[in-house]
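These notes concern the structure reproduced below.
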Amino acid sequence: MAEIKRPALIEVQRGRAMVSTTFTPAQLHDATDVDAYDPERGNDPENGYQRRGSATRMAQAASFYGEGEEKRQGRVFEDRHGLMPNPIIANIRPADDGDPTDDLGLGLPAGVIIKFSSDEDRQRVRAAIEGGGSVTAAGTITLDDATITWIVDGQHRSGAIRMLSERNRLSDDFPVPVKLMLGFDRNEEIKQFYYINREAKSVPTDLTADLLQRMARQDSHEAEYLSERKGKGSLLAGAAIYDAMVSKGSPWLTRIRKPNEKISKDTSIAVSQFIGSLKPLQNAQMPRELSPQEWALIIDAFWEAVARMLPTPFDPTEQPGDWVLLKTTGVTTMHRVLADCLPIVIQRGARLSDAQQYELLLADLPTLAGIVINPDTGEEHQVDGAEFWRSASSASQYTGRYGTDRLVGMIRGLIAKTNSAITV
332 MAEIKRPALI
342 EVQRGRAMVS
352 TTFTPAQLHD
362 ATDVDAYDPE
372 RGNDPENGYQ
382 RRGSATRMAQ
392 AASFYGEGEE
402 KRQGRVFEDR
412 HGLMPNPIIA
422 NIRPADDGDP
432 TDDLGLGLPA
442 GVIIKFSSDE
452 DRQRVRAAIE
462 GGGSVTAAGT
472 ITLDDATITW
482 IVDGQHRSGA
492 IRMLSERNRL
502 SDDFPVPVKL
512 MLGFDRNEEI
522 KQFYYINREA
532 KSVPTDLTAD
542 LLQRMARQDS
552 HEAEYLSERK
562 GKGSLLAGAA
572 IYDAMVSKGS
582 PWLTRIRKPN
592 EKISKDTSIA
602 VSQFIGSLKP
612 LQNAQMPREL
622 SPQEWALIID
632 AFWEAVARML
642 PTPFDPTEQP
652 GDWVLLKTTG
662 VTTMHRVLAD
672 CLPIVIQRGA
682 RLSDAQQYEL
692 LLADLPTLAG
702 IVINPDTGEE
712 HQVDGAEFWR
722 SASSASQYTG
732 RYGTDRLVGM
742 IRGLIAKTNS
752 AITV
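Per my numbering, residue 332 is the first one in the sequence shown, and the count goes up by one each step.
Following this line, the structure appears as structure tokens:
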């Protein structure tokens, strides 16, 4: 890209510096990037933290901001000439060498130059940064062709601007408002992304737990704040258990759809849904608090027992997405059942990570039966065992909270029946 030089309002809030400016559409395209989450890299701490951009949302924004027309389905639609008062928020990270050689001591890359309208303004800004104060001053900002500004909020608007420019539906001089955070490190950038999106709109749920866990790992005070003040304690605990399952290579991971991973029958449940299903375990009455690693062992042992009772859904030749047992309804149901099993195993004095204990309790699980209707003949017939849990079969009727309650109740009855025949 060519060098960018723009008028700027330099703002310091409690010692943190930002710049308000505008980019042309071409400059926005050249100077910005999105740190997107890569499902192949999983919970790698260097993995990105944002979802893939949605072409649909970009197109919707484009129709609002554009100043031309587009053809869809044989019709011509006029753009709405909408304004963009809210800025795209981006961050210029510190230079890799960490040497604060810039005039403001922020560690900015050498290609970022900020000039002030007067030396007095420069001194006031420098003093505010060093003293944790707040101040505003006018000047200019110059970015060389190697500078990257990482989008923190506004990737769909940015994508819309690019779309409009490519289709000649936006003038080349359209001023896109941009707020540049100066010298925030990547961890702070992630934190700002979470809070900006959390207060304005929901962060995509598949990424929420991942972001919370990163923030909690980086800062114990942040973890306490998120848990107690933001009511995210359950989500943080579930995410920690999921992390432990990742670390131990849990067989469950092949069935969980990671953020930004395409939906297919090769997976059956989103990571956010799996983490949400763990909440009943956190509420279980236990003699002591278990670590995430201990919970990971228990969960894998429990599902090993389920697989012994109902082997077909777990067969490598089967697609997890074809089984309600492995989807949100089934997983939530079975984790509530696991919470019921724990006190029985504890009463026996047995190991909670012993799959055989759950196999004894779930011995009658294959007898769970229901009625389905043949779509071709209209005839009713009974299904049980694994077939009860096949998609479009009997278990598919038990949707939502009420349906899950009914499934849990049915399985609880089987556990009570089985348990009565066991010497504790």
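Beta carbons: idealized from backbone N, C-alpha and C, even for Gly.
Note that the structure is predicted; figures quoted are calculated from it, not measured.
Fill in: Proximity of residue 456 and residue 365 at Cβ, strictly below 9 Å
For residue 456 and residue 365, no; Cβs fall outside 9 Å.
Item to complete: Report the rounded CA-to-CA distance for residue 743 versus residue 379, giving the unit in angstroms.
Response: 42 Å
Worksheet item: At what residues does the beta strand (DSSP E) containing residue 349 begin and finish?
Response: Per DSSP, the unbroken beta strand (DSSP E) holding residue 349 starts and ends at 347-354.
Discussion item. Please identify the residue among 671, 747, 686 whose C-alpha is closest to the C-alpha of residue 695.
Written reply: 747
Worksheet item: Beta carbon of residue 652, beta carbon of residue 598: below 9 Å?
Response: Contact flag set, yes.
Item to complete: Whole angstroms is fine: what's the gap from residue 630's alpha carbon to residue 684's?
Response: Taking the straight line joining both Cα atoms gives about 8 Å.
Discussion item. Buried or exposed, going by whether 16 or more other CB atoms sit within 10 Å of the CB of residue 520?
Written reply: buried
Worksheet item: Should residue 648 be labelled buried (16 or more other beta-carbon atoms within 10 Å of its own) or exposed?
Response: Classified as exposed, residue 648 has fewer than 16 neighbouring CB atoms from the shown chains inside 10 Å of its CB.
Fill in: Inter-residue spacing [alpha-carbon to alpha-carbon] between residue 675 and residue 511
Each residue's Cα considered, the two are about 57 Å apart.
Worksheet item: What's the call for residue 422, buried or exposed, on a 16-neighbour Cβ count within 10 Å?
Response: buried
Worksheet item: With DSSP run on the structure shown, which of helix, strand or coil describes residue 730?
Response: In the structure shown, residue 730 sits in coil (DSSP, three-state: anything other than H, G, I, E or B).
Fill in: Of the listed residues 414, 394, 415, nearest to residue 408 (C-alpha basis)
394
Fill in: Same chain, Cβ closer than 8 Å to residue 415, five either side skipped, listed in chain order
396, 488, 507, 508
Discussion item. Can you tell me whether residue 465 is buried or exposed? The criterion is at least 16 other CB atoms within 10 Å of its CB, across all chains shown.
Written reply: exposed
Item to complete: Return yes when the Cβ of residue 701 is within less than 9 Å of the Cβ of residue 726, no when it is not.
Response: Cβ atoms of residue 726 and residue 701: closer than 9 Å.
Practice prompt. Classify residue 755 as buried or exposed, calling it buried when 16 or more other Cβ atoms lie within 10 Å of its own Cβ.
Written response: Because residue 755 carries a pLDDT of 44, less than 50, the predicted location of this residue cannot be relied on, and the following value inherits that uncertainty. Its Cβ having fewer than 16 others within 10 Å, residue 755 is exposed.
Discussion item. Could you check if residue 375 belongs to the surroundings of the ligand NAP, using beta carbon to heavy atom distance under 8 Å?
Written reply: In the structure on display, the ligand NAP does not appear, and there are no ligands present to speak of.
Fill in: N-terminal and C-terminal residue of the beta strand (DSSP E) that residue 634 is part of
Not the beta strand (DSSP E): residue 634 falls in the alpha helix (DSSP H), residues 623-640.
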